[in-house]
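Heads up: the structure comes next, in structure tokens.
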Amino acid sequence: MNGYIDLHLHSTFSDGVLTPAQLVHHALDAHLRAIAITDHDTVDGNTEALAEGQARGLEVIPGVELSIAYPRGELHILGYYVDHLDPALHEELQRLREYRRRRNPQIIRKLAELGMELNLEAIRAKINNGNVGRPHIAAAMVECGYVRSVKEAFNRYLRKDGPAYVPKEMLSAPEGIQLVRRFGGVPVLAHPLTLEIQDPAELADFLSQLKADGLGGIEAYYLSDNRCPVELYREIAQRLDLCLTGGSDFHGPVKPEVAIGTGRGKTRLPYHLVEELKSRRPPAPAAVTTGIGGSSARLNL
Numbered sequence: 073m074n075g076y077i078d079l080h081l082h083s084t085f086s087d088g089v090l091t092p093a094q095l096v097h098h099a100l101d102a103h104l105r106a107i108a109i110t111d112h113d114t115v116d117g118n119t120e121a122l123a124e125g126q127a128r129g130l131e132v133i134p135g136v137e138l139s140i141a142y143p144r145g146e147l148h149i150l151g152y153y154v155d156h157l158d159p160a161l162h163e164e165l166q167r168l169r170e171y172r173r174r175r176n177p178q179i180i181r182k183l184a185e186l187g188m189e190l191n192l193e194a195i196r197a198k199i200n201n202g203n204v205g206r207p208h209i210a211a212a213m214v215e216c217g218y219v220r221s222v223k224e225a226f227n228r229y230l231r232k233d234g235p236a237y238v239p240k241e242m243l244s245a246p247e248g249i250q251l252v253r254r255f256g257g258v259p260v261l262a263h264p265l266t267l268e269i270q271d272p273a274e275l276a277d278f279l280s281q282l283k284a285d286g287l288g289g290i291e292a293y294y295l296s297d298n299r300c301p302v303e304l305y306r307e308i309a310q311r312l313d314l315c316l317t318g319g320s321d322f323h324g325p326v327k328p329e330v331a332i333g334t335g336r337g338k339t340r341l342p343y344h345l346v347e348e349l350k351s352r353r354p355p356a357p358a359a360v361t362t363g364i365g366g367s368s369a370r371l372n373l
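Residue numbers (our numbering): 73 to 373.
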């Protein structure tokens, strides 16, 4: 079937600056057929996006993005088609968001020690759901004149190993993957380039371990970084029987260099990736128990 997609979008329910309904409007303006809302550790924006998508004729896939502990920092697992209405899933994700809330005051203290005074409550008041993340802190740094851009805030202070960086409590890879599957979703490794694994054999071995844990796919087409070795990802995915997905990691005007549907370039992703993703949905789960354990070029995919 024809049409284009973007399966990695963030809304105001995590660290994006557009509401879920606004994301639907932007997607339609970009002539997309399907999108996924993948906010960090929350599914709260999916109901609004699904309703707006249904009203306007856009397919919306309910999703989430989980932070996972990784020896070199962290990795992210995208969960597609999770049951976003299940109260048990909301409880699990609420626990993860509490981890982030405990982290934010530590970041604010580190910035104060560096001469940058910020009011965490004032930052939280500007967010419709109060879930403050590093991009919100970075935006406040820009507003106060401490840095010129969000990118500078991350590069100088908030990035991993930066002077204001604070590690966060995270799930293990098996825990995150199984969490997605328990609630009916397809777990997909986000932006594998950020794993910083240069050796193809080492990458294949790592993905094989995740596959054994229940991984269903990899985000081979990460439109925010044109350095991605797509052919390598495709070869490994075929060997391990993993599906391929893609998206822009769109956050809105806070990252103006990243456009919905195309990321930093002109490549657009075909709808058949959604059809393959749908085919990987697990069987209906048994009873769930709580507890965390410009012009466009189409790819020939």
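For glycine and all other residues, C-beta sits at the position ideal for the given N, C-alpha and C.
- If you draw a straight line from the Cα of V238 to the Cα of I199, it comes to about 21 Å.
- Segment contact: the segment 308 to 315 against the segment 246 to 257, fewer than three CB-CB distances shorter than 8 Å; contact not assigned.
- About 4 Å separates the CB atoms of G324 and L90; that is less than 8 Å, so the two are in contact.
- Within the model, the alpha-carbon separation for I308 versus A276 is close to 6 Å.
- A direct Cα-Cα distance of roughly 32 Å separates V136 from Y218.
- Burial check for A197: the Cβ neighbour count within 10 Å stays below 16, so the residue is exposed.
- Secondary structure at G234: coil, using DSSP grouped into helix, strand and coil.
- Excluding its 5 nearest sequence neighbours in each direction, Y294 has C-beta neighbours in its own chain below 6 Å: H263 and C300, listed in chain order.
- For A141, the closest alpha carbon among the candidates L261, L81 and V132 is that of L261.
- Annotation for E291: the continuous beta strand (DSSP E) segment containing it runs G289 to Y294.
- Taken atom to atom, the span from the alpha-carbon of Y152 to that of I77 is near 14 Å.
- Three or more pairs of CB atoms, one per stretch, sit closer than 8 Å, so the segment 174 to 189 contacts the segment 206 to 221.
- The residue among P134, N176, P143 and R105 with its C-alpha nearest the C-alpha of L157 is P134.
- A Cβ-Cβ separation of about 6 Å places K240 in contact with R172 under the 8 Å criterion.
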